[in-house]
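**Q** Following this message is one structure expressed as structure tokens.
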């Protein structure tokens, strides 16, 4: 369970937090040289929520929002342009979590701060973006990420995961925290994350072929080069997923692949050996108090997560077809298959 424990903390940062000081309070207005980047694909259902929430952000104009659209089939592009956002269109087959974000960063080369969001992350309150950007008042901070709140329709299992991963208290982590926190040191999520562009360029930008967890790779490199990672607990978005059992396993398959391909992160930061057991213990206590009938489901999910992770760790032994079936990123593996047949 040791390897699984370290992977577990990649997605379930427990209540044990670093003693490092939280980010200093800063301006409550979005800086002028800031851009918000949102990759989108058939996002029409989310736009009635995200546009009003973005419009409420103090100091943010629609012109500061860049939508990277992967050839949507619906009216996503028309709605975004009508609202006032800039739209960059790319071929769907060429979408890549790391490469697409890097392309957006190069397009926004005049920005001092880049905030990346996903199309289903809804800012909570008018200062969400400004508070996240204020983390860079500390010159040591290269990257910051905000709190993710569960949606109202979230199950108790998902609500617990969000509460554990994204607590109310802020913190700033550096490489010095690695001995105590292990893999938790570089935990972050660019469902709502900000990057200082000079620091992002310093570490080489986003990895161009990262099909998953590009945010973790960037955070790890920044920490290793002496920069700090800030978690801003009062910069909030509403963002959660009620994955079904197959999706849960697929997500952890991808985590296993990520760890298999990026062992340098685990070598540099160490592993959180007891993390898996700690999370399960916390989940049991939470479900006993709030939703005891969910306990059997939680047990099944734990088994599927572990199975998915172990399969991901042995990806080199699997065919591309098997990886396409097991992964939550089938488009990536289809592209790999096309390239192999050339």
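In this note's numbering, the protein residues as written are 7 to 348. Even glycine gets a Cβ: it sits at the ideal position worked out from N, Cα and C. Since we're looking at a predicted model, the values are computed, not measured.
Applying the 10 Å Cβ sphere with the 16-neighbour rule, what's the burial state of residue 284?
**A** Buried.
**Q** Just to confirm my understanding: we take residue 32, look at its own chain, exclude 5 residues before and 5 after, and list those with CB closer than 6 Å. What are they?
**A** Residue placement at residue 32 is poorly supported in this model, since its pLDDT is 47, which falls under 50; the coordinates still yield a value, given next. For residue 32, where only same-chain residues beyond five positions count, the Cβ hits under 6 Å are 140, 143.
**Q** Please give the ranges of any alpha helix (DSSP H) in the segment 197 to 260, keeping only runs that are unbroken, at least 4 residues long and fully inside the region.
**A** 203 to 208, 220 to 230
**Q** Could you give the distance in angstroms between the alpha-carbon of residue 27 and the alpha-carbon of residue 348?
**A** Any reading at residue 27 must be qualified, since the residue scores a pLDDT of 42, below 50, and its modelled position is unreliable; no value is offered.
**Q** Please report the Cβ distance between residue 56 and residue 128, rounded to the nearest whole angstrom; I am assuming they are in contact, meaning their Cβ atoms lie under 8 Å.
**A** That pair is a contact at about 6 Å.
**Q** Could you give the first and the last residue of the continuous beta strand (DSSP E) run that contains residue 45?
**A** 40 to 46
**Q** Which residue's Cα is closest to the Cα of residue 293: 197, 165, 245?
**A** 165
**Q** Alpha carbon to alpha carbon, how far is residue 73 from residue 246? Give it in angstroms, no decimals.
**A** 21 Å
**Q** Is the number of C-beta pairs between the segment 252 to 259 and the segment 201 to 216 that are closer than 8 Å three or more?
**A** no
**Q** Could you tell me whether the segment 215 to 222 touches the segment 101 to 108, where touching means 3 or more Cβ pairs closer than 8 Å?
**A** yes
**Q** Nearest to residue 244 by alpha carbon, out of 62, 66, 153?
**A** 153
**Q** What residues match up with residue 153 in a beta bridge as DSSP calls it?
**A** 242
**Q** Taking the alpha-carbon of residue 86 as reference, which of 69, 97, 96 has the nearest alpha-carbon?
**A** 69
**Q** Exposed or buried, which one is residue 331 when buried takes at least 16 other CB atoms within 10 Å?
**A** Residue 331 is exposed by the Cβ-count criterion.
**Q** Quick one: which unbroken alpha helix (DSSP H) runs of 4-plus residues sit fully inside the segment 69 to 105? Chain order, please.
**A** 82 to 89
**Q** Quick check: residue 176 and residue 239, are their CB atoms within less than 8 Å of each other?
**A** In contact: residue 176 and residue 239 (Cβ atoms closer than 8 Å).
**Q** Tell whether a beta-carbon distance below 8 Å holds between residue 117 and residue 236.
**A** no
**Q** Check this for me: beta carbons of residue 163 and residue 295, under 8 Å apart or not?
**A** no
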